[in-house]
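What follows is a single structure, written as structure tokens, with notes after it.
In the working numbering, the protein residues as written are 238 to 446.
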């Protein structure tokens with residue numbers, strides 16, 4: 238495992254002592270897609286943005302799916318393990334502090350961020366996830382300890398891809414394991430709503446990463 242195992246963008250912090258935001262893009266995007274999100278969430282933070290290694294008909298993803306909305310959970314687990322190992326390499330290569338590393342993602346990337354929390358507690362200190370659902374579909378996550386982990390979940394009540402039930406289930410799974418979860422819902426669908434982004438930015442600022 239090496240830091241160049243994933244094509245990625247690294248932008249050092251522009252503010253002294255700023256945290257690092259790990260950005261995980263959605264299906265069909267790449268390592269550049271969420272850089273504006275990272276800058277909006279945490280101005281001055283360092284940004285680490287890798288590209289998913291699954292090719293689905295020319296679209297980048299983080300793990301395979303069997304069809305729309307149905308994940309290949311075994312593949313998700315294996316690839317999340319690989320991503321977690323890469324994050325450890327990136328922490329060493331870029332001299333990062335795990336206590337100040339926050340993952341943020343949209344859709345497929347948000348589901349992967351949720352899987353990181355549930356499968357590899359401690360690899361990041363927090364998460365701001367948008368359009369995320371319970372990633373292990375039908376499997377109960379292990380009873381890991383997420384106490385001290387701060388999580389923001391932004392979800393659309395009318396989302397046809399990540400249903401609000403799945404989003405709320407993720408929130409419950411994280412809270413049951415001790416995470417401090419802030420859930421914000423908007424009336425729209427599979428999108429990052431501007432008002433939810435504004436709430437996430439306030440949450441990030443107040444969380445003290």
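Note that the Cβ used here is the ideal one computed from N, Cα and C, for glycine as well.
Taken in chain order, the complete beta strand (DSSP E) segments of 3 residues or longer contained in the segment 302 to 377 are 302 to 304, 338 to 343, 363 to 367.
Classified as exposed, residue 251 has fewer than 16 neighbouring CB atoms from the shown chains inside 10 Å of its CB. Its chain contains 354, 358, 411, 414, 415, 416 as the residues whose beta carbon lies nearer than 7 Å to that of residue 383, once the 5 sequence neighbours on both sides are disregarded; these appear in chain order. By the Cβ neighbour-count rule, residue 294 is exposed, with fewer than 16 other Cβ atoms within 10 Å of its own. Excluding its 5 nearest sequence neighbours in each direction, residue 419 has C-beta neighbours in its own chain below 6 Å: 389, 440, listed in chain order. In this structure, the straight-line span from the alpha carbon of residue 364 to that of residue 350 is close to 7 Å. Counting only runs of at least 4 residues, the segment 391 to 437 fully encloses the following alpha helix (DSSP H) elements, listed from N- to C-terminal order: 401 to 413.
Within the segment 251 to 297, the complete beta strand (DSSP E) runs of at least 3 residues fall at 257 to 261, 283 to 287, 291 to 293. For residue 246, the CB contacts under 6 Å within the same chain, skipping 5 residues up- and downstream, are 268, 286 in chain order. About 27 Å separates the beta carbons of residue 394 and residue 361, which is beyond the 8 Å limit, so they are not a contact pair. Taking C-beta atoms as the reference points, residue 283 and residue 248 count as a pair closer than 8 Å.
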